[in-house]
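Visitor: The structure that follows is given in the form of structure tokens.
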Amino acid sequence: MQIAERGRVVDDVADQIGNTPTVDISQFSPNPDVSLFAKLESFNPTGSVKDRVALSLIDQAERDGLLVRGSGGVILEPTSGNTGIGLALIGRLRGYQVKAVMPESVSTERVQLLQGFGAEVIFSAAEKGTNESINVAKELAHENPSYFMPYQYGNKANPQSHYVATGPEIVRDVPDVDMFVAGLGTGGTLMGVGKALREHNPNAKIVAAAPHPDDKVQGLRSIEHGFIPPILDLDALDARIMVEAEESFFWTRKLLLDAGIFVGVSSGAVLASAIRAARRLESGTIVMLFADGGWKYLSTGIYTRDWSDIQNEVEGQTWW
Ligand code: PMP
-1 MQIAERGRVV DDVADQIGNT PTVDISQFSP NPDVSLFAKL ESFNPTGSVK
49 DRVALSLIDQ AERDGLLVRG SGGVILEPTS GNTGIGLALI GRLRGYQVKA
99 VMPESVSTER VQLLQGFGAE VIFSAAEKGT NESINVAKEL AHENPSYFMP
149 YQYGNKANPQ SHYVATGPEI VRDVPDVDMF VAGLGTGGTL MGVGKALREH
199 NPNAKIVAAA PHPDDKVQGL RSIEHGFIPP ILDLDALDAR IMVEAEESFF
249 WTRKLLLDAG IFVGVSSGAV LASAIRAARR LESGTIVMLF ADGGWKYLST
299 GIYTRDWSDI QNEVEGQTWW
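Using my numbering, you'd call the opening residue of the sequence shown number -1 and step up by one each time.
Printed below as a string of structure tokens:
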């Protein structure tokens, strides 16, 4: 048995951010000439891709003199959870207080993790979604000028973390990537990885998995609701594939049952999109990014629902 190269002693857990493993999951491909690979961001210290972003946002703010280590400075951020948890981790290591603004509807695990890392959770109205978290955070930042708001939706340090690390890791680990599929939240992953991949292969296709505008998939956002993050350049995307929540739940569960891959719901949405894309391609290699592990979604019950019920439900669906 081969053991992954993780056996090195590090100074603190932040040194274990990045360099995540990629798994060949071509067994899910509907096309024998298209291979599927999944990069598992659950291997980061807090279990999501956003550890990379949190580190990059804070490093940049320190370089710009907006945060000073050990100062007890306050970081305030609107987040669907993962970025807040990443910031909370780095905040503990470097002596910052973290306040995360999230819709009330987020899973209890997100709230508990944030509180566990010593962060403060500020709720925004659930029905208005993440757009409202952004409004609330902006108001609070305005009222409290000493707070630092990284603002991942508009901060170039977000896509930059993927341009300098996530993308190059994919180029290093998977030869000849034809298509990259990731969930659309801030757009940071798609923009940063997309730029790195295209520098390597100008024909690489960059595909976003987005929730159907009537549906909610934690971590993803639908631009149909009117907010386009400043860092997101829609022209840099080759396609945006809309998936239903039920479809995302189905593939999330299937990944666990058939491949032992325990991921969050946005990863199911990403796999659903990649499967549709694979049907349309003649041949090639698709790399997906699975943004987080499944731990934060246990309370939603998606991993324990009766599997035969789910299979009966999906068979009548148009996407099946
Ligand atoms: N999946 C999950 C679970 C997320 O938390 C996020 C970010 N909110 C994404 C996907 C999308 O990533 P990005 O912000 O880089 O578009």
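Idealized CB from N, CA, C, for every residue including glycine.
Kindly provide the ranges of any alpha helix (DSSP H) runs that are 4 or more residues long and lie completely inside the region 66 to 108, ordered along the chain.
Guide: Runs found: 80 to 92.
Visitor: Does DSSP put Thr18 in a helix, in a strand, or in coil?
Guide: DSSP places Thr18 in coil when its eight states are reduced to three.
Visitor: If you scan the region 169 to 244 from start to end, which runs of the beta strand (DSSP E) of 3 or more residues do you find wholly inside it?
Guide: Counting whole runs of 3 or more residues, the region 169 to 244 contains the beta strand (DSSP E) stretches 177 to 181, 203 to 209 and 237 to 241.
Visitor: Run the CB neighbour count on Asp290, radius 10 Å, all protein chains shown included, and call it buried at 16 or more, exposed below.
Guide: So Asp290 ends up on the buried side.
Visitor: What number of angstroms, rounded off, separates the C-alpha of Tyr301 from the C-alpha of Arg251?
Guide: Each residue's Cα considered, the two are about 6 Å apart.
Visitor: With distance defined between alpha-carbon atoms, name the residue in Ile83, Thr44 and Met286 nearest to Val99.
Guide: Measuring from the Cα of Val99, the nearest candidate turns out to be Ile83.
Visitor: Indicate whether at least one CB of chain B lies closer than 8 Å to the CB of Asn201.
Guide: In the structure shown, chain B does not exist; there is a single protein chain.
Visitor: Distance, Cα to Cα, Ala270 vs Ile239?
Guide: If you take the alpha carbons of Ala270 and Ile239, they lie about 9 Å apart.
Visitor: State yes or no: is the C-beta of Gln158 nearer than 7 Å to some heavy atom of the ligand PMP?
Guide: No - the ligand PMP has no heavy atom lying nearer than 7 Å to the Cβ of Gln158.
Visitor: Rounded to whole angstroms, what's the CA-CA distance from Glu75 to Pro227? Just pull it up for me.
Guide: Cα to Cα, Glu75 sits roughly 14 Å from Pro227.
Visitor: Could you tell me the distance, in whole angstroms, from the CA atom of Ala2 to the CA atom of Pro19?
Guide: Note on Ala2: pLDDT 46, under 50, position unreliable in the model; the coordinate value appears next. Whole-angstrom Cα-Cα distance: 8 Å.
Visitor: Can you tell me which of Leu287, Ala86 and Ser306 puts its alpha carbon nearest to the alpha carbon of Val47?
Guide: The candidate whose alpha carbon is nearest that of Val47 is Leu287.
Visitor: Give the straight-line distance between the Cα atoms of Asp256 and Ile15, rounded to the nearest whole angstrom.
Guide: Straight-line Cα distance between these residues: approximately 27 Å.
Visitor: Quickly, what does DSSP pair Ile120 with across the bridge? List them, please.
Guide: Note: Ile120 sits in a beta bridge opposite Val99.
Visitor: Round the Cβ separation of Ala243 and Lys203 to the nearest angstrom and send it over; I've been treating them as touching at under 8 Å.
Guide: Contact doesn't hold; Cβ gap of about 25 Å is too wide.
Visitor: For Gly152, which residues in the same chain have their Cβ closer than 8 Å to its Cβ, ignoring the five residues on either side in sequence?
Guide: Here the set comprises Pro227, Pro228 and Ile229.
Visitor: Verify whether the separation of the beta carbon atoms of Val205 and Ala275 is less than 8 Å.
Guide: For Val205 and Ala275, yes; Cβs fall inside 8 Å.
Visitor: Going by other Cβ atoms of all chains shown within 10 Å of its Cβ, with 16 needed for buried, is Asp49 buried or exposed?
Guide: With 16 or more other Cβ atoms within 10 Å, it is buried.
Visitor: Taking the DSSP output, what are the residues bridged to Asp290?
Guide: Its beta-bridge partners are Ser46.
Visitor: Closer than 7 Å to a non-hydrogen atom of the ligand PMP - does that hold for the CB of Asp154?
Guide: Sequence check: residue 154 is Lys here, not Asp. Checking every heavy atom of the ligand PMP against the Cβ of Lys154, none is found closer than 7 Å.
Visitor: Assuming Gly258 and Met177 form a contact by the criterion Cβ under 8 Å, report the distance between their Cβ atoms to the nearest whole angstrom.
Guide: The pair is not a contact, with the Cβ atoms about 24 Å apart (cut-off 8 Å).
Visitor: With H, G and I counted as helix, E and B as strand and the rest as coil, what does DSSP make of Lys126?
Guide: Three-state result, Lys126: helix.
Visitor: Using the C-alpha atoms, what's the distance from Arg196 back to Phe146?
Guide: Roughly 33 Å separates the two Cα atoms.
Visitor: Between which two residues does the beta strand (DSSP E) holding Val8 run?
Guide: Run containing Val8: none; DSSP gives neither H nor E here.
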